[in-house]
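Following: one structure in structure tokens, then a few remarks.
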Amino acid sequence: MVTILEVNETNKMIEQEKLDVRTITLGISLLDCCDADLDALNRNIYDKITLAAKNLVSTGREIELEYGIPIVNKRISVTPIALIGGRACRSPEDFVEVAKTLDRAARDTGVNFLGGYSAIVSKGMTPADEDLIRSIPAALSSTGRVCSSVNIGSTKTGINMDAVKLMGEIVRETAEATKDNNSLGCAKLVVLCNAPDDNPFMAGAFHGVSEADAVINVGVSGPGVIKHALEGVRGKNFEVLCETVKRTAFKVTRAGQLVAQEASERLGIPFGIVDLSLAPTPSVGDSVAEILEEMGLESVGAPGTTAALALLNDQVKKGGIMASSFVGGLSGAFIPVSEDQGMIDAVNRGALTLEKLEAMTCVCSVGLDMIAIPGDTPASTISGIIADEAAIGMINNKTTAVRLIPVIGKGVGDTVEFGGLLGHAPVQRISRFGCADFINRGGRIPAPIHSFKN
Amino acid sequence: MSKTIVTVVGKDAVGIIAKVCTYLAGNQVNVEDISQTIVQGYFNMMMIVDTGGSSKPYAEMATELEDLGDEIGVKIRCQREDIFTKMHRI
């Protein structure tokens, strides 16, 4: 029987330390929606999504109420649209019509984001892939809830440098297309290497072709809970530190596992995975940076930051894996700048540079995330940053991603407000040295030697 | 059917337990265990209850208990037991 102390501990985590379930994401396969006619395709897509997700938001609310734990987001991910639209879409403009259909389906089911306006081009691009990629600026500027991702490399295939070059241009064009809104379109666009098929987090979520017809994936959170637990072990050695993170991650993940199972049962849709990522929000006390500082860093970005993040990431996984029957997605710590008040403070005090963030991405789950850069950054420089991150992912067998926002009209020292969970960000300095000749070579970087395991 | 945990937190006053129990009894909810403690001067009570005999929808009961808490100046929460057992027991 539960004790009053256990009940108080859980409720304190929820009320004071911002424990929540960050997202219930319903993955929906659209493979059976393909049609040669664009209108029929749009109709099929809308009908399939709205039928599969009709009870998603209300069921999420029900679970929230009964268990007393907030479920911040209810979302949808779909099969990469480049695969679905290939037959009907003859141009980028045709793909934009599909984006609008997705936006309408998202609005009518009540979810705040829908991911999967995506192309997987890690080795090469089909004409449909290229049309979809070229449609991204128009798609993201004419929709509100659609998120886009492009996978440009993997450990098994190497890096598609033609796609890397194109994505540098597309990120810039998306920034231009949404310049009246602080280039917000780029916050809904992520370039990935080794993208997982079952990621519930935006903007990189899509429903991979290896997945079932529909599946429930859940993303947990809880940086505030970990930070609070570490306050109790100040000055203790690394064994105690690691044990504390692990135990706390176990508890946080169990809440996510419970919500995932309940949602799966109530919706009659199979449970996929729990994603163990520690996802921060801009509110105070919900920050990954604050955890690292609680470990003993004067500021995140100081020497020791990469080691602190590495141990945090590893212990979260060790605790979380024990707590869930299926773990997947990105599973690690997120280090977005604009979505984490501690990261924003560190940038503002000059402690955290883009180069240090890049080093940190070698040991955590995502990459250069939600970073505002000067609006006049050349496309080739953005491609260079994408290539660097993709190389880290390819060589280290891990997912990496780039979500940069070149804010048109803004320069270093300015601050940009994105609003809501996307937060605000200081525009960061980037290297003034170019890499255009490197990016313009074209072609592919071959798969690394350690990918040949057969 | 899993049990429900009702927690009451707030400034101590006469009749808090009576009012909560009256509401539960009126809705055929059986109280199986009560424990209480004072945390930093605040009254802190936990009840383990069985809602299996009640015809009231769960959401409605949770909202009515919350409203009752507002009336008597305490915070009343109603949560399914699983959230606590899953988190604290292997």
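Sequences listed follow chains A and B, in order. Take the first sequence: its position 376, counted from the start at 1, is 376 in the numbering used here, and no numbers get skipped. Take the second sequence: its position 29, counted from the start at 1, is 1029 in the numbering used here, and no numbers get skipped. By construction, the Cβ of each residue, glycine as well, lies at the ideal position given by its N, Cα and C atoms.
query, result
"For serine 13/A, which residues of its own chain have a beta-carbon under 7 Å away from its beta-carbon, when the five flanking residues on both sides are left out?", "Reading the sequence as shown, one finds methionine at residue 13/A and not serine. Once the five neighbours on either side are set aside, the close Cβ partners of methionine 13/A are Leu19, Val225."
"State the DSSP-derived secondary structure class of histidine 450/A, mapped to helix, strand or coil.", "helix"
"With distances taken from CA atoms, which of Leu114/A, Gly110/A, Ala177/A, Met167/A is nearest serine 142/A?", "Ala177/A"
"Under a three-way DSSP split, which group does histidine 207/A fall into?", "coil"
"Pull up the CB-CB distance for valine 96/A and alanine 139/A, whole angstroms please, since I reckon it's below 8 Å.", "5 Å"
"State the Cα-Cα distance for the pair valine 218/A and aspartate 437/A, rounded to the nearest angstrom.", "43 Å"
"Using a Cβ distance threshold of 8 Å, determine whether the region 400-407 of chain A contacts the region 368-381 of chain A, with at least three qualifying pairs required.", "yes"
"Hey, quick one: how far does the alpha helix (DSSP H) through aspartate 94/A stretch, first residue to last?", "92-109"
"Locate the alpha helix (DSSP H) running through asparagine 42/A, then write down its first and last residues.", "38-52"
"Against chain A, which members of the region 1044-1067 of chain B pass a CB distance test of less than 9 Å?", "Asn1044, Met1045, Met1046, Ile1048, Tyr1058, Ala1059, Ala1062, Thr1063"
"What does alanine 255/A reach in chain B if we use C-beta pairs closer than 9 Å?", "Ile1083, Lys1086, Met1087"
"DSSP three-state call for proline 406/A: helix, strand or coil?", "strand"
"Given 8 Å as the limit, is there contact between the region 51-60 of chain A and the region 285-295 of chain A, that is, 3 or more CB pairs closer than that?", "no"
"Looking at the secondary structure, which residues open and close the alpha helix (DSSP H) in which leucine 311/A lies?", "305-323"
"Along chain A, in chain order, which residues have C-beta atoms closer than 8 Å to that of glutamine 1028/B?", "Residues of chain A passing the Cβ test: none, with the nearest at roughly 18 Å."
"Given this structure, state the Cα-to-Cα distance separating valine 98/A from threonine 174/A, to the nearest angstrom.", "18 Å"
"Would the beta-carbon of isoleucine 1005/B fall within 8 Å of that of isoleucine 1048/B?", "yes"
"On the premise that proline 80/A lies in contact with phenylalanine 206/A, defined as a C-beta separation below 8 Å, what is that separation, rounded to the nearest angstrom?", "5 Å"
"At least one CB of chain B closer than 8 Å to the CB of threonine 244/A: is that the case?", "no"
"Consult DSSP for phenylalanine 113/A and reduce its assignment to one of helix, strand or coil.", "coil"
"Compare the C-beta of asparagine 11/A with all C-beta atoms of chain B and state if any pair is closer than 8 Å.", "yes"
"Is DSSP giving glutamine 341/A helix, strand or coil here?", "helix"
"Using a 10 Å radius around the Cβ and a threshold of 16 neighbouring Cβ atoms, would you call glutamate 211/A buried or exposed?", "buried"
"When you compare the region 317-333 of chain A with the region 191-208 of chain A, are there three or more beta-carbon pairs, one atom per stretch, that lie closer than 8 Å?", "yes"
"Let's test the definition: count the other Cβ atoms within 10 Å of the Cβ of alanine 249/A and tell me whether it reaches 16, buried, or not, exposed.", "buried"
"Which runs of the alpha helix (DSSP H) fall wholly inside the region 65-91 of chain A and span at least 4 residues, in chain order?", "81-85"
"What do you reckon, are the CB atoms on glycine 158/A and arginine 441/A nearer than 8 Å?", "no"
"Taking the beta strand (DSSP E) that glutamate 17/A belongs to, which residues open and close that run?", "Looking at the DSSP string, glutamate 17/A is not in any beta strand (DSSP E), and its letter there is neither H nor E."
"For phenylalanine 438/A, does the three-state DSSP call read helix, strand or coil?", "helix"
"Counting C-beta neighbours from all protein chains within 10 Å, is the total for phenylalanine 113/A 16 or more, i.e. buried, or is it exposed?", "buried"
"Excluding sequence positions up to five away, which residues of its chain have a Cβ less than 6 Å from the Cβ of alanine 387/A?", "Val164"
"For alanine 308/A versus methionine 322/A, is the C-beta distance shorter than 8 Å?", "no"
"Taking 8 Å as the cut-off, decide whether the C-beta atoms of serine 365/A and asparagine 313/A are in contact.", "yes"
"With a threshold of 8 Å between beta carbons, is valine 190/A in contact with chain B?", "no"
"Could you pull out every residue in the same chain whose Cβ sits closer than 7 Å to the Cβ of lysine 246/A, ignoring the five residues on either side in sequence?", "Gln315, Lys318, Gly319"
"Considering only the alpha carbon of each residue, which of Leu83/A, Ile84/A, Ser58/A lies closest to valine 72/A?", "Ser58/A"
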